[in-house]
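Taken in sequence, the protein lines are chains A and B.
Numbering-wise (my numbering), the first sequence opens with residue 1 and increments by one.
Numbering-wise (my numbering), the second sequence opens with residue 141 and increments by one.
For glycine and all other residues, C-beta sits at the position ideal for the given N, C-alpha and C.
Everything below concerns the one structure shown next.
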Amino acid sequence: MNLSDVALLAKEELSLAEKGIASAKVVLTGFVVVFAMLILLIFIIKIYGAIVQKAQNAGKKSKEKKAEAVAETPAPVVAAPVAPAQTDGVSDEVVAVISAAVATMYGSSEKARIKSIKKSSDGGRSAWAKAGVLDNTRPF
Amino acid sequence: MEILQGFVDAVKGIFEGSGLSTLNWQNYVMIGVSIVLLYLAIKKQYEPLLLLPIAFGMLLVNLYPSIMAPPTTQLLTEAQCAAQNVAVSGHAKTVIDGVTYIENPTYGGLLYYLYQGVKLGIYPPLIFLGIGCMTDFGPLISNPKSLILGAAAQIGIFVTFTGAIFLGFTEAEAGAIGIIGGADGPTAIYVTTKLAPHLLGSIAIAAYSYMALVPIIQPPIMKALTTKKERAVVMEQLRPVSKLEKIMFPVIVVIIIAIFLPDAAPLVGMLMLGNLFKESGVVERLGKTAQNELMNIITIFLGTTVGATASGQNFLTLDTIKIIILGLIAFCMGTAFGVLFGKIMYKATGGKVNPLIGSAGVSAVPMAARVSQKVGQAENPGNFLLMHAMGPNVAGVIGSAVAAGVLLNVVG
Chain A
1 MNLSDVALLA KEELSLAEKG IASAKVVLTG FVVVFAMLIL LIFIIKIYGA IVQKAQNAGK
61 KSKEKKAEAV AETPAPVVAA PVAPAQTDGV SDEVVAVISA AVATMYGSSE KARIKSIKKS
121 SDGGRSAWAK AGVLDNTRPF
Chain B
141 MEILQGFVDA VKGIFEGSGL STLNWQNYVM IGVSIVLLYL AIKKQYEPLL LLPIAFGMLL
201 VNLYPSIMAP PTTQLLTEAQ CAAQNVAVSG HAKTVIDGVT YIENPTYGGL LYYLYQGVKL
261 GIYPPLIFLG IGCMTDFGPL ISNPKSLILG AAAQIGIFVT FTGAIFLGFT EAEAGAIGII
321 GGADGPTAIY VTTKLAPHLL GSIAIAAYSY MALVPIIQPP IMKALTTKKE RAVVMEQLRP
381 VSKLEKIMFP VIVVIIIAIF LPDAAPLVGM LMLGNLFKES GVVERLGKTA QNELMNIITI
441 FLGTTVGATA SGQNFLTLDT IKIIILGLIA FCMGTAFGVL FGKIMYKATG GKVNPLIGSA
501 GVSAVPMAAR VSQKVGQAEN PGNFLLMHAM GPNVAGVIGS AVAAGVLLNV VG
């Protein structure tokens, strides 16, 4: 008897109810086991990720403290310009460019007023980084 | 006259031994199919690295079936031995009805021997070794929740199992057919060789065809199940993952999966070994070999011999048509469940997760992740889902290996 004969025999033996039971058994087991395993992995990855990060942050902080102690003595040469709150840290030059762009679009006859400029929440990428990613992912 | 007769006999002998008289119509149909597949591989470039060897293996076996023939033992009398120049000494003898026969072993065909690596479940884990070397689990480690999507996309496997059972397949066959929904070639082959080796040709070809068709099959399902607003969700950038975390990941995963589900250990074990080659950074040479030379060699052997299982008589059956339909259902279900769970995560996180990354939960690395990226970008050109989709994508590889382990354990 070869393999396909065995398969044929098994085919004939299954009744409709047996088929239902067999598939329900596999579907349930499969669903529960696959999810249980992967959810278990989620917890374990989270736990060890947290532990590793904590350990590494602790290591970094002690290093940074030492570095700060050294760096504190020389006074900063140029004081950082304080950006106006409504421009969300965007430099004046960029504000000027955006205003110019808006003026071009609406025309100078319409008196537009820029109330605030906010960085869009695009994952914090700069325009150049975005262009780079776009370039790299375009073939896909 | 004698010379002419000899010539006619010789030509007759060659003709009788040639394919023209030994092949039947199924072989010719399959030769046609293999040429179409070669066209798709070369001109359309559908997964050419696999489709080309598969198609050629299919072509070879249908032109010359003996290339897959197993070794046999011929029983020859001493007189026949003398006539055929076979040494009598050194072979076992059998006496039947008082006549002594010499047991003369004949060798199997070339592809028969190469096929042993498939049959014994050796090649698929070795392919996983190479895949492990090329896989970056970083996106998964930084966003472990994507494992849920990798699990959700496996539901298709089990739903299709039910369909296959009711279409008259045995439990073992149904398990092998369902695994097509895992969208992972090596896993599908591994499970099929263990559960239903006689269906290997059809299942492998269905699995690889659907993987090649991911960019065509998935987007309509993804679009149908999501709203415009959901597709446009921009996800937060992933946190950087430290080297230590990346090194610990393969070791921890293999310990957990191999302890709880030993049947998945060969696949997951090799995947994680490959990944450790990559992340440890101390065995660069081994990693390079595993992901380049070794993987290429195995791909040639695997592709050609899997193609060679599709001889006309095996392949042109009603079962093959059922398998191809069930495989497509499995694939679509996997995609749909991935996206649906993505939607659940979208709701649960208050709109932080883009449900499109769910479809990448059907392994098919990295094609499925690229599809998520592409569909997402169609909605918002500044949206980059690729790395976010890689999380569920590699989780899908682990998920299908786990699902394979479950199937092998329950129905094997």
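*asked:* Helix, strand or coil, according to DSSP, for B:E187 in the structure here?
replied: coil
*Of all the CB atoms in chain B, is at least one closer than 8 Å to the CB of A:A50?*
no
*asked:* At a CB distance below 9 Å, what residues from the stretch 392-424 of chain B approach chain A? Give them in sequence order.
replied: I392, V393, I396, I397, F400, L401 and A404
*Can you check whether the CB of B:L199 is closer than 8 Å to the CB of B:S158?*
no
*For the alpha helix (DSSP H) containing A:T104, list its first residue and its last residue.*
D92 to Y106
*Under 8 Å between C-beta atoms, does B:G539 make it to chain A?*
yes
*Check whether B:E243 and B:L260 have beta carbons under 8 Å apart*: no
*By the 10 Å Cβ neighbour count, where 16 or more other Cβ atoms means buried, how is B:V258 classified, buried or exposed?*
buried
*Enumerate, from N- to C-terminal direction, the unbroken alpha helix (DSSP H) stretches of 4 or more residues contained entirely within the stretch 385-436 of chain B.*
405-420 and 424-429
*Listed in chain order, which residues of the stretch 502-523 of chain B have Cβ atoms closer than 7 Å to some Cβ of chain A?*
R510, Q513, K514 and G522
*Shorter than 8 Å from the beta carbon of B:G157 to some beta carbon of chain A?*
no
*Who are the Cβ neighbours of B:V391 in its own chain at under 8 Å, not counting the five residues just before and after it?*
M412 and L416
_Endpoints, alpha helix (DSSP H) assigned at B:L160_ = G159 to T162
*asked:* For a test of the three-state rule: what should DSSP assign to B:P245, helix, strand or coil?
replied: strand
_What ranges does the alpha helix (DSSP H) occupy inside the stretch 285-337 of chain B, keeping only unbroken runs of at least 4 residues that lie completely in it?_
286-292, 295-306, 311-318 and 325-335
*Taking all protein chains shown into account, do 16 or more other C-beta atoms lie within 10 angstroms of the C-beta of B:M530, making it buried, or fewer, making it exposed?*
buried
*Verify the CB distance criterion: does B:A372 have a CB-CB separation below 8 Å to chain A?*
no
_Considering Cα atoms alone, identify which of B:L287, B:M141 and B:N164 is closest to A:L40._
B:L287
*Kindly indicate the opening and closing residues of the alpha helix (DSSP H) around B:I463.*
L458 to A488
*Kindly give me the distance between the Cβ atoms of B:G447 and B:A293, rounded to whole angstroms, as I take these residues to be in contact under 8 Å.*
Between B:A293 and B:G447 the Cβ distance is about 27 Å, and since that is not below 8 Å, they are no contact.
*Pull up the distance between the alpha-carbon of B:I281 and that of A:M105, whole angstroms please.*
45 Å
_Cα-Cα separation, A:S91 to B:D403_ = 59 Å
*When you compare only the Cα positions, how much space is there between B:V505 and B:T475?*
14 Å
*Taking DSSP as the reference, what is the three-state secondary structure of B:V534?*
helix
*Since B:I236 is in the beta strand (DSSP E), which residue starts that stretch and which ends it?*
K233 to I236
*Count the C-beta pairs between the stretch 465-483 of chain B and the stretch 183-193 of chain B that are closer than 8 Å, then say yes if the count reaches three, no if not.*
no
*From this set, B:L251, B:I267 and B:A450, which residue's C-alpha is nearest B:G414's C-alpha?*
B:I267
*Contact belief for B:I171 with B:N202 at Cβ below 8 Å, rounded distance in angstroms*: 5 Å
*Have a look at B:V151 and B:L144 and give me their C-alpha separation to the nearest angstrom.*
11 Å
*Measuring CA to CA, which of A:S116, A:V27, A:A17 and A:K60 is closest to B:I295?*
A:V27
*Looking at chain A, which residues of the stretch 264-284 of chain B have a Cβ within less than 7 Å of any of its Cβ atoms?*
I281 and P284
_B:G290: contacting residues in chain A (beta-carbon distance under 7 Å)_ = L38
*Is the CB of B:F455 under 8 Å away from at least one CB in chain A?*
no
*Tell me, to the nearest whole angstrom, how far the beta carbon of B:M388 is from that of B:G272; I am working on the premise that it is less than 8 Å.*
About 15 Å separates the two Cβ atoms, so there is no contact after all.
*asked:* Can you confirm whether A:S23, when its beta carbon is compared against all beta carbons of chain B, has any partner nearer than 8 Å?
replied: yes
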